[in-house]
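Colleague: Once you've had a glance at the structure underneath, I'll fire off some questions.
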Amino acid sequence: MKPLLIALAGLLLAGCQSQPSSPVADAATPALASALDADHHLLARERLCALPRGEQRLRLMELSTPGRDRGERFSRLLLASCNPEATPGLLRQALGALGDGADFSPGERALVALIRDQARSYRVLEERNAELAARLAETIDGIRDIEADMDNLKPERRAP
């Protein structure tokens with residue numbers, strides 16, 4: 000928060016001077032623009048995530064066609080990040096559709112990196128859950144086999 004306030008103060012001072020802007024203001028301007036970009040996207044995500052799930056799904060479908068502009072691709076990413084457990088494939092597609100991010104501000108790159116890290120972590124958890132489910136199925140099958148063998152070893156009971 001302090002760097003943002005310092006940047007704003009530098010911009011205000013630079014705007015009030017009649018001479019060219021100072022090196023401090025010039026150095027702070029990219030940081031301010033980056034912070035504003037990240038704030039804009041985070042607030043947009045908050046609004047998108049507040050929508051009912053049905054409307055979120057409709058918007059995701061609208062934004063899923065290829066060839067969308069950068070803003071729409073970002074909107075799709077932010078919307079897919081609202082419920083990653085429900086849309087893990089869509090989140091991965093949205094991340095892929097953004098490209099390399101060469102035209103992103105530093106704040107946008109940081110935001111995309113955060114979402115990529117979360118998506119990667121979720122994918123790891125999905126893989127672990129699939130492995131555990133497979134092991135559980137094998138264990139249940141093994142127990143069934145043991146029970147079947149035990150049933151075959153029991154002597155038949157005769158009626159009295």
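If you use numbering that gives the first Met the number 0, the sequence shown corresponds to residues 0 to 159, in order.
We treat Cβ as the ideally placed atom computed from N, Cα and C, and that holds for glycine.
1. Around the C-beta of G141, are 16 or more other C-beta atoms found within 10 angstroms, so that it is buried, or is it exposed?
2. Of the residues S63, T64, S80 and E61, which one's Cα is nearest the Cα of R46?
3. Alpha carbon to alpha carbon, how far is L94 from R115? Give it in angstroms, no decimals.
4. Can you name, in chain order, every residue of its own chain whose Cβ lies under 8 Å from the Cβ of Q117, other than the five neighbours on each side?
5. Within the segment 73-106, note down every full alpha helix (DSSP H) run reaching 4 residues or more, in order along the chain.
6. Using 7 Å as the threshold, is the C-beta distance between R44 and L97 below it?
7. Quick check on L62: does DSSP put it in helix, strand or coil?
8. So P87 and Y121 are in contact, right, with Cβ under 8 Å, and what is the actual spacing, rounded?
9. Rounded to the nearest angstrom, what separates E222 and R72 at their Cα positions?
10. I need the DSSP call for A49, collapsed to helix, strand or coil.
11. Would DSSP call R67 helix, strand or coil?
12. If you draw a straight line from the alpha carbon of H39 to that of E126, how long is it in whole angstroms?
13. Considering only residues of the same chain and omitting the five flanking positions on each side of V111, which have a CB-CB separation below 8 Å?
14. Assign E146 to buried or exposed, taking buried as 16 or more other Cβ atoms, counted over all protein chains shown, within 10 Å of its Cβ.
15. Taking the alpha-carbon of L90 as reference, which of L113, A37, N128 and D144 has the nearest alpha-carbon?
16. Leaving aside the five residues before and after D25 along the sequence, list all residues of the same chain whose C-beta is less than 6 Å from its C-beta, in chain order.
Modeller: Taking the geometry as given:
1. Exposed is the call here.
2. It is S80 whose Cα lies nearest to the Cα of R46.
3. Looking at the two C-alpha atoms, the distance is approximately 7 Å.
4. Excluding residues up to 5 positions away in sequence, S80 and P83 lie with their Cβ nearer than 8 Å to the Cβ of Q117 in the same chain.
5. Fully enclosed alpha helix (DSSP H) runs of 4 or longer: 87-96.
6. Against a cut-off of 7 Å, the Cβ pair of L97 and R44 comes out as no contact.
7. Under the three-state reduction of DSSP output, L62 falls in the coil class, being neither helix nor strand.
8. The Cβ separation is near 6 Å, so the contact holds.
9. This structure cannot settle anything about residue 222, because the visible part of the chain is limited to 0 through 159.
10. Here A49 sits in coil by DSSP.
11. Note: R67 maps to coil in three-state DSSP.
12. Near 33 Å, if we compare the C-alpha coordinates of E126 and H39.
13. Residues L76, L94, L97, G100 and F103 of the same chain have their beta carbon placed closer than 8 Å to that of V111, with the five preceding and five following residues left out of the count.
14. Counting the other CB atoms within 10 Å of its CB gives E146 a total below 16, which places it among the exposed residues.
15. Looking at the Cα atoms, L113 is the closest of the given residues.
16. Caution applies to D25, whose pLDDT of 41 falls short of 50 and renders its modelled position unreliable; the value that the coordinates give is listed next. Around D25, the same chain offers no residue with a beta carbon nearer than 6 Å, after the five sequence neighbours per side are excluded.
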